[in-house]
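K.L.:
Dumping the structure here so I can ask a few things about it.
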Amino acid sequence: MPPSTARRRRKLEEEESTPPSTPPRRGPRSSTAKEERGKGGGNTKLGKIGPPKSPIKRAIKLVRTQLYRPKIPIFSSAFVLAIIFIIAPYVDKTYHKISEEGRVASDLGDVRFDVGKFTVQWQNTEQTLKITHKRAKFCFRQRLCPITETWSSISKRPFLTLASGPIKVHQLIHGHFRIQVLDKLRTTVQTIDSMERKTCEVHYDGRVERKTRTTDVEEEDKDDGGGGVALIEVDSSGSSSSSSSSSGSGNNGNSQNSNSNVELVECIVIKGTVVKEDAWIDHFVNTFYERRSKMYHALFSDDQESEIELAKQKANAKLRASYSVALASRSDDRIGFTIIWDEIVPGVQRSPRRNRRMVNLNHLILTHAVEKRERVYGLGEQYTSIEHTGRRVPIITGEQGVGRGKQPISATAELLFKGSSGDWWTTYSAIPHYVTSKARSFFLTNYTYSEFDFTEENAISVHVVAPTGIVCGQIIAAIDIPGVLQAYTEYSGRIKPLPEWAMRGVIVGMTGGPSKVRRIEKQLTDGGVKIAGFWLQDWSGFRNTSIGIERVWWNWKLDEDLYTDWHALREEFEKKGTHLATYVNPFLMDSKDHHGDLYRFALENGYFIKNKKGEGYGFVSEPGVTFSLLDLTNPECVRMDRKSKAFMADFGEYLPFDATLKSGELPILTHNRYPEDWARIQKRALRRAGLEKTGFFWTRSASLLTPSFTSVQWVGDQLVSWDNRDGIKSALNGILTGALSGLTLSHSDIGGYTATPGRHRSKELLMRWMELNAFSDAVYRSHQGNRPHHNAQVWDDEEIIAHLAWCTSMHIALLEYKREAMREAENVGLPMTRMMFIHYTYDEVASDLTSQFLLGRDLLIAPVLDRKTSRVHCYLPREDVWMDAWTTILAPISTSAVRKKKSGDDEESSGSGTWVTADAPMGWPAVFIRSGASKTAKAAAAALRELAVEKGGVPSKRRVKIMDPVEKLILGLV
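In UniProt numbering, the protein residues as written are 1 to 974.
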C-alpha cells in the first residue's frame, strides 16, 4: 500500500474516533489570523471565522447561508416564497371562477312582446330571456320541426358580461396574426330593469360601428348584399337616443321618413345594469373600512343613519355600467340586435376618500344555451376543424400558414419565419357565423375580432372585442339547415352563376411568355383537352426570388418585354373560344427601375396605409424587396379599371393592426372587412368595363358580405400533399365549411400550390386532384405552383394529358347540372358543393364526413384522397336509395339500415346508414345518384356513362360492396 494512502486512512480513523467539538463563536478577526495568513496560512479554518468587512458581502453571505442553502429545504424562505408565487394565481383564478359565474337580478314580472314572427319574452321565475319563432308551430313532420326556442339565455346566469383587459396583438411574419384578449375583470351581476316596445330608426349607412366613420356607398352598390345598418331608438319627443340595433337589408313593409336612408320599425328595447362584485382583495379592504366606519358612527352619530350611509357607500363603490339591447325583426327568419353599453366607467372604490380610476370595458361576452350533443358548424373556411364542439375558434382573416401543424414542415417553417406555419384555426376567410344541428344560427355583423367558445357542454359564449361599446348581430330561426342558409344569404348576399364559357374546359395556369403559351396550348389541344382559358399570372412580369420561387412583379402594368404580342395572342385565342386571365392584388412593389413607377406614384399621393410615424407602411418579403398595401378607406385610391375577362384578386388579409388608416378607423375594427372591400372594388371594375355578365374573378380571402361581390371563391394555397391539415383533404374541407357561410361557389388549385425543398407535387397527387376538382369545383383551374420546375405539371407527359382530357370531359358533362346548382345558389343560397350535414342533419356520422360530399342535392361523390389506393369507403345515408352512377346498379344496403328505417326514429337512426367499399381505379371516382333525382341530375349521370362507353367501358373488375366489418372496426367506423 502506498505511504500516502496509509496516512489518509490513519487520519480518517483519528477523525472518526475524536468527538465533534463545538464550533467557535464568530467574532472579529484577530491579528494572529492575519499574521498566519501572511505566513501562508490563508487556507486554515482560523482564516474563515470572521465575517467579511463589506456590508454587501456580509448580506450576500447571509442570503446564501439562510435562503439558498438551508439545512431543511422545506422551511427556507425562498421555498415558501416560491410556493406562494406558484399557488396564488391558481387560488385567485379558482375564486374568480366560482364568484364570477354570475347571477341575474330583476324586479320585472313575466314580460312578452311580439316583433314580426318572433316573440321576445322575459320569464322572471326562471330568470331567462327567450326568443321564439312562431312559424315553428306549423310544420307537419316532427323531424323537420326545430325546438320553439330560437335563442335562450341560461337560467339564472347573465347572458351579457362586460370585461376589461388588454388586447395583445402578435404580428408575426406578414399576414400572420395571433391575438390575446386578457380579462383583468368581468362583471358578475346583470340586472333587467325594463323591457319596452319602442319605435326605432333604421339607418342604411353601410356601417354598424359607433363612433367611427360611415363609408358612403356608391349608387351602383346599394343593392349589393345586406349591408350594415343602424337601428336608433326614438324617444317620446321624436328624437333619436343612443340605443341602436343592427339588422340586415329589407324593410318588411315598414314606413319610411323624409330621409330616404332612414326607416321606422318596431323594436324591443331591454335596459339594465351590469355590476362587478367584489373580489377577495376588495372584500378584505371593504371589511376593514366598514368596521372602522361602524366604530366611528357608533361613537359620534345615530346608528340607523350610519347603517343607511354605509349601505349607500357600499353600493356606490361597485363597478357598474348601463347597457341596452335593441331587437327588431329584419325578415320572417331573422331578428337583428345591437348591444350598447357605457364603455368607460368608474372602477371599484376601495376607500371612501380615494379617487376611483376609470375602467374601459372594451369587450363583451354574450352567452346563450344549447342542448347536449348539439353540434356546431361553420365560421367561414375551416380547413381542419369541421365540427367545433369543444373548441374555441378565433375569427381573424390571415394567411393559413405552411403545414398548419403537419410535421416536420411546420417546425421548419417556424424556425425560419416565426408564425409562418399557421395553426388549426388559421384561415383566409373567417366569418362570424355558425349553425347548429338544431337549425339554430347566429352571426355578428361587426367586423371586429371575436372568439367563439364552444367548450362548455350547455352554453356557447361569443367574446367580442368592442372598444367602441357596441356589438351587432342577428339570430336566425328556420326549420332546417337549407332554411338557415337561405335566411343567412339574404343578409350576406349570394354569388351569381358563372359565365358559361368559364365552365367549358380547363383554365390552365402557367407563366413563361407567349411562345410557351402557344406551345402548351397546341400540346394540350392535340391531346384532346378542352381549354376554356389560360391564366397568365406573370402578365406584369416576374422575377426569381432569393428563396428559389417565382414572384410576379406587383406593378399591374403589362410587361411588353415578356408579352410582346399580348393583344394578338388574346385575339388569336378568343377566336378558338379561349380567353386570357390575369392576376392582381392590393400591393404595390418598390423597385428602382420602371417596375416601381406605380409604387412611387401611390407613395407620393398617400394611397398606402401608414405606420405610426405617418409614413407609408412598408412590408419586406426578402432582402431588398419592399411592398406596401393600398388603403381602401381612401376613396381617391379605390378606383380600378379592368379589361381582362377573368382575373384572380389575390390576398386581402394583410392589414396590420398597428397601421393608420385614412378614415381614422381602428384596424382591429376593420381588419376582417378588408377582403370585402377588396372584392367590392373588383366588381365595380367589371361593371365599368361592361363585363359584369361575361367576365368573372376569384378571391382568396372573404368576410361577411364577400358573397355579394365575388364571382367565385378560391380556398388558397395548400401544400402539395395528401394530409388533412394543409393538403388535398384540407382543400375539400375549406370548400365544404365555407359553403355554410355564404361561399356557395368555390374551387381549389388542381395539384395544390406550396412545394418545399424535398416535397414536390407527385404525378399521382396531381391526377387524383384532377378527379376531385372535376366534381367539387365551380371553375376547373390548374396552377403550376410556387416551384414549377420541381412539380408535376398538367402538360408533362401523354398519360397526364390524357387524364386531364378525361377529367375535363367529366367536368363538362356535369355542366348543366352544375349550372342548375348555381342558379339554386343564387335563388335560395344553397351551395353547389355541399356537406352531408346540410341534408342529413340528424345523422351524426354523415354530418361530420368530409371525405365525401354532395354535388347539388342528388349526386354523392367519394373521391380518392389517399395515396397508392384504388378504393374508397363511402357512407350512404339510410333515408335515400342510392345507385352507382357509372353502372346504374343499386348500392347495397345493410340489414341494420333497413330495420331502423322502418322504425322512423331519428335519434336511433343516427349512424344507421350503410358503409360501402367502392373500387376507384385512376379516373373512376365513386359517384352515386339518389333515387328520385331531378331530370338534370339523371341527364348528368347519363352523360358520364356515355363518356365511359367512349373510353371503352367501366373497368370490368370495378365493384361496390358492403364494407368488411373487421376493416370497419379497425378504422373506428363502428
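By construction, the Cβ of each residue, glycine as well, lies at the ideal position given by its N, Cα and C atoms.
In whole angstroms, what is the alpha-carbon distance linking Lys-592 and Glu-615?
P.N.:
Using only the alpha carbons, I get a separation of about 19 Å.
K.L.:
Helix, strand or coil: how does DSSP classify Asn-446 here?
P.N.:
Coil.
K.L.:
Tell me which residue opens and which closes the beta strand (DSSP E) that Glu-149 is part of.
P.N.:
Glu-149 -> beta strand (DSSP E) spans 149 to 152.
K.L.:
Might you give, ordered along the chain, the residues of its own chain that have their beta carbon closer than 6 Å to the beta carbon of Ala-739, omitting 5 neighbours on each side?
P.N.:
Once the five neighbours on either side are set aside, the close Cβ partners of Ala-739 are Pro-831.
K.L.:
Between Asn-403 and Asp-726, which are expected to be in contact by the criterion C-beta below 8 Å, what is the C-beta distance as a whole number of angstroms?
P.N.:
According to the sequence as given, residue 403 is Gly; it is not Asn. Sure, about 5 Å apart at Cβ, within 8 Å.
K.L.:
Indicate whether the contact test is met: 3 or more Cβ pairs, each with one atom in the region 387 to 396 and one in the region 406 to 420, closer than 8 Å.
P.N.:
No contact exists between the region 387 to 396 and the region 406 to 420.
K.L.:
Secondary structure at Thr-699, three-state DSSP: helix, strand or coil?
P.N.:
Correct three-state label for Thr-699: strand.
K.L.:
Give me the residue from Thr-833, Asp-631, Trp-769, Asn-544 with the minimum Cα distance to Asn-585.
P.N.:
Residue Asp-631 is the option with its Cα nearest to Asn-585.
K.L.:
Should Phe-85 go down as buried or exposed, given a rule of 16 or more other Cβ atoms within 10 Å for buried?
P.N.:
Per the 10 Å Cβ criterion, exposed.
K.L.:
Would you mind giving the Cβ-Cβ distance between Arg-700 and Phe-651, rounded to the nearest angstrom? I have them listed as a contact below 8 Å.
P.N.:
The Cβ separation is near 7 Å, so the contact holds.
K.L.:
Please determine, among Ala-702, Leu-804, Leu-736, Leu-704, the residue with the shortest C-alpha to C-alpha distance to Gly-751.
P.N.:
Per the Cα distances, Leu-804.
K.L.:
Nearest to Pro-635 by alpha carbon, out of Asn-791, Lys-134, Val-435, Asn-605?
P.N.:
Looking at the Cα atoms, Asn-605 is the closest of the given residues.
K.L.:
Which residue from Ala-792, Leu-973, Gly-405, Val-269 puts its Cα closest to that of Trp-915?
P.N.:
When only C-alpha atoms are compared, the closest one is Leu-973.
K.L.:
Compute the minimum distance between the beta carbon of Trp-566 and the heavy atoms of the ligand ADP, and state whether it is under 7 Å.
P.N.:
In the structure shown, the ligand ADP is absent, as is every other ligand, since no ligand is present at all.
K.L.:
Could you tell me the alpha carbon to alpha carbon distance between Lys-968 and Trp-698, rounded to whole angstroms?
P.N.:
Between Lys-968 and Trp-698, the C-alpha separation is close to 40 Å.
K.L.:
Can you find the residues in the same chain that come closer than 6 Å, C-beta to C-beta, to Lys-683, ignoring five residues on each side of it along the sequence?
P.N.:
Closer than 6 Å at Cβ, skipping near neighbours: Phe-709.
K.L.:
Look at the Cβ atom of Phe-159, then the Cβ atom of Leu-185, and state whether they are nearer than 8 Å.
P.N.:
No, the Cβ-Cβ distance between Phe-159 and Leu-185 is not below 8 Å.
K.L.:
So the alpha helix (DSSP H) Tyr-488 belongs to, where does it begin and stop?
P.N.:
Where Tyr-488 is concerned, the enclosing alpha helix (DSSP H) stretches over 481 to 492.
K.L.:
What does DSSP give as the partner residues of Tyr-323 in its beta bridges?
P.N.:
Answer is Gly-272, Trp-341, bridged to Tyr-323.
K.L.:
What distance in whole Å lies between the Cβ atoms of Ala-941 and Ala-891, which are believed to be in contact at a cut-off of 8 Å?
P.N.:
With a Cβ gap of about 13 Å, Ala-891 and Ala-941 do not count as contacting.
K.L.:
Determine the extent of the alpha helix (DSSP H) in which Cys-807 is found, giving its start and end residues.
P.N.:
That run of the alpha helix (DSSP H) goes 798 to 813.
K.L.:
Using a Cβ-Cβ cut-off of 8 Å (strictly less than) and excluding sequence neighbours within five positions of Phe-138, which residues of its own chain qualify?
P.N.:
Because Phe-138 sits at a pLDDT of 46, beneath the cut-off of 50, its placement in the model cannot be relied upon, and the following sentence gives the value as read from the coordinates. Closer than 8 Å at Cβ, skipping near neighbours: no residue.
K.L.:
Excluding the 5 residues preceding and the 5 following Pro-877 in the sequence, name in chain order all residues of the same chain whose CB lies nearer than 6 Å to its CB.
P.N.:
Closer than 6 Å at Cβ, skipping near neighbours: Tyr-840, Asp-843, Ala-846, Gly-913.
K.L.:
So Ala-689 and Lys-643 are supposed to be a Cβ contact under 8 Å. How far apart are they, rounded?
P.N.:
Confirmed, Cβ separation roughly 6 Å.
K.L.:
Less than 6 Å between C-beta atoms, sequence neighbours within five positions excluded: which residues of the same chain meet that for Glu-824?
P.N.:
Taken in chain order, the residues that qualify are Leu-830.
K.L.:
If Ala-774 and Ala-862 are in contact, beta carbons under 8 Å, what's the gap, nearest whole angstrom?
P.N.:
About 14 Å; that fails the 8 Å criterion.
K.L.:
Determine, using beta-carbon pairs with one atom in the region 452 to 469 and one in the region 741 to 750, whether at least three such pairs fall under 8 Å.
P.N.:
No, the region 452 to 469 is not in contact with the region 741 to 750.
K.L.:
So, with DSSP's three-state summary, where would you put Pro-497?
P.N.:
Coil at Pro-497, not helix or strand.
K.L.:
At a cut of 8 Å, does the region 702 to 717 reach the region 422 to 432 through at least three beta carbon pairs?
P.N.:
Yes, they touch.
K.L.:
What is the residue span of the beta strand (DSSP E) that Thr-367 lies within?
P.N.:
It spans 363 to 369 - the beta strand (DSSP E) in which Thr-367 sits, taken as one unbroken run.
K.L.:
Kindly indicate which residue of Val-169, Pro-921, Lys-198 has the alpha-carbon position closest to the one of Asp-114.
P.N.:
If we check each option's Cα against that of Asp-114, Lys-198 comes out closest.
K.L.:
I'd like the span of the beta strand (DSSP E) that includes Trp-722, first residue to last.
P.N.:
Here Trp-722 belongs to no beta strand (DSSP E), and DSSP marks it neither H nor E.
K.L.:
Would you list the one or two residues that DSSP bridges to Ser-385?
P.N.:
DSSP output for Ser-385 lists no bridge partner at all.
K.L.:
Exposed or buried, which one is residue 975 when buried takes at least 16 other CB atoms within 10 Å?
P.N.:
This structure leaves residue 975 out entirely; the chain is present only between 1 and 974.
K.L.:
Looking at Asp-193: is its Cβ nearer than 8 Å to the Cβ of Thr-273?
P.N.:
It is a contact, given that the beta carbons lie within the stated cut-off.
K.L.:
Could you give the distance in angstroms between the alpha-carbon of Glu-196 and the alpha-carbon of Glu-149?
P.N.:
Distance between the alpha carbons of Glu-196 and Glu-149: 21 Å.
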